[in-house]
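Scroll down for the structure; my scribbles are underneath it.
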Amino acid sequence: MNTTDHLPDYREQSPEVAARFAKIKERPVVLEIDHLGRQFAGEHGSVTALRDINLKIHRRELVCVIGPSGCGKSTLIRIVAGLDQATSGRLLVDGKEVSGPGPDRGMVFQGYTLFPWLTVTQNIMFGLEMQGRAKTSARSEAEQWADLVGLGRFKDNYPAQLSGGMKQRTAIARALAANPRVLLMDEPFGALDAQTRCQMQSHLLEIWRNVDVTILFITHDLDEAVFLADRILVLKANPGEVQEIIEVPVPRPRRIDQIHSPEFLATRRRLDELIHPKSEHPPEPLPIIRLTQAGDDVE
Numbered sequence: 016m017n018t019t020d021h022l023p024d025y026r027e028q029s030p031e032v033a034a035r036f037a038k039i040k041e042r043p044v045v046l047e048i049d050h051l052g053r054q055f056a057g058e059h060g061s062v063t064a065l066r067d068i069n070l071k072i073h074r075r076e077l078v079c080v081i082g083p084s085g086c087g088k089s090t091l092i093r094i095v096a097g098l099d100q101a102t103s104g105r106l107l108v109d110g111k112e113v114s115g116p117g118p119d120r121g122m123v124f125q126g127y128t129l130f131p132w133l134t135v136t137q138n139i140m141f142g143l144e145m146q147g148r149a150k151t152s153a154r155s156e157a158e159q160w161a162d163l164v165g166l167g168r169f170k171d172n173y174p175a176q177l178s179g180g181m182k183q184r185t186a187i188a189r190a191l192a193a194n195p196r197v198l199l200m201d202e203p204f205g206a207l208d209a210q211t212r213c214q215m216q217s218h219l220l221e222i223w224r225n226v227d228v229t230i231l232f233i234t235h236d237l238d239e240a241v242f243l244a245d246r247i248l249v250l251k252a253n254p255g256e257v258q259e260i261i262e263v264p265v266p267r268p269r270r271i272d273q274i275h276s277p278e279f280l281a282t283r284r285r286l287d288e289l290i291h292p293k294s295e296h297p298p299e300p301l302p303i304i305r306l307t308q309a310g311d312d313v314e
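Numbers given in this note's numbering equal positions in the sequence shown, counted from 1, plus 15.
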């Protein structure tokens, strides 16, 4: 018998979770994506990457975006960051329309984007100095951020002396030091090994609990989305459109042992149904080219 056959409906919420979502909806909207669309010129005509994306994210909410390959997740976050331009619709931060990069949005990428010739403290200081802060003041604040992300002992180390997770914590601290309203994260843990990735998810939630910031997080990992998010925006591909917005019924604060809870498993199963729907047609078999004569067969 399938152990997930008797899971609760993924939309069921405990009174505590329902109350938490009611409080979230009372907060002001920090980021609004309004009928956003993006088209690219292709060899055989226009290609629609995103169509009519609508989403309102409230203050201190953590929203994850998932979807199949080609659904436009990275295109969406690049538009929100001001690194790409929408061809239709609007983007608003605190009710004001924006169309380019700004200090109200910080970005953390999947790749390690630290300056290799600067220490942890100097990397975190970079944005502060670009804002015109005096070096002494910027250094003092950068050291506080290094402490906040658990890198106080490594503040004078260079990126080459850091692990992958420590590099990403430095990148998060650098983005947050500029005091953005929204932190944008484009698969920031995708290059990490599984154990470090789990640790970084817990680190991020702890940092988020202590900082007044709203987070939009892109991921392809379904478990990661359920573990981190208040809500999950599910996109479908070709073109990228909103398929469903899920309120995650897993209580906060989140703990690793919750990945076995009925609420977590039910939400995970629903995401799997949306991202990997059952096809009426079996996949085309691959052509068989025999490259071994070992005398036995493997399945």
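Note that CB positions come from ideal geometry on N, CA and C, so glycine has one too. On a predicted model such as this, the values are computed, not experimentally measured, just so you know.
Contact between the stretch 86-105 and the stretch 45-59: three or more CB pairs below 8 Å? yes
Residues near M16 in its chain [Cβ-Cβ closer than 7 Å; skip 5 each side]: Confidence in M16 is poor, its pLDDT being 45 and thus under 50, which makes the residue's placement too unreliable to answer from.
Proximal residues to L117 (C-beta, below 8 Å), its chain only, five neighbours per side dropped: It should be noted that the sequence gives Gly, not Leu, for residue 117. Excluding positions up to five away in sequence, the list reads G97, V108.
Measuring straight from C-alpha to C-alpha, what distance separates A56 and L46? 28 Å
Within its chain, find whatever has a CB closer than 8 Å to the CB of G110; leave out the 5 residues flanking it on each side and keep chain order. V44, E47
Would you mind reading off the limits of the beta strand (DSSP E) that contains S294? No beta strand (DSSP E) contains S294, which DSSP labels as neither H nor E.
What residues in its chain sit with their C-beta under 7 Å from that of L306, if we drop five residues either side in the sequence? none
In whole angstroms, what is the alpha-carbon distance linking R148 and R26? 47 Å
With A190 as the anchor, note down where its alpha helix (DSSP H) starts and where it stops. 179-192
Near I39, what residues of its chain come up, given a Cβ to Cβ distance below 7 Å and the 5 sequence neighbours on each side ignored? H73, E76, D245
Examine the Cβ distances between the stretch 200-213 and the stretch 232-243 and report whether three or more of them are shorter than 8 Å. yes
Bridge partners for F232 per DSSP, in chain order? C79, M200
Taking the Cβ atom as the reference point for each residue, do I139 and T185 lie within a distance shorter than 8 Å? yes
Cα separation between T90 and M200? 13 Å
Using the C-alpha atoms, what's the distance from T229 back to E278? 24 Å
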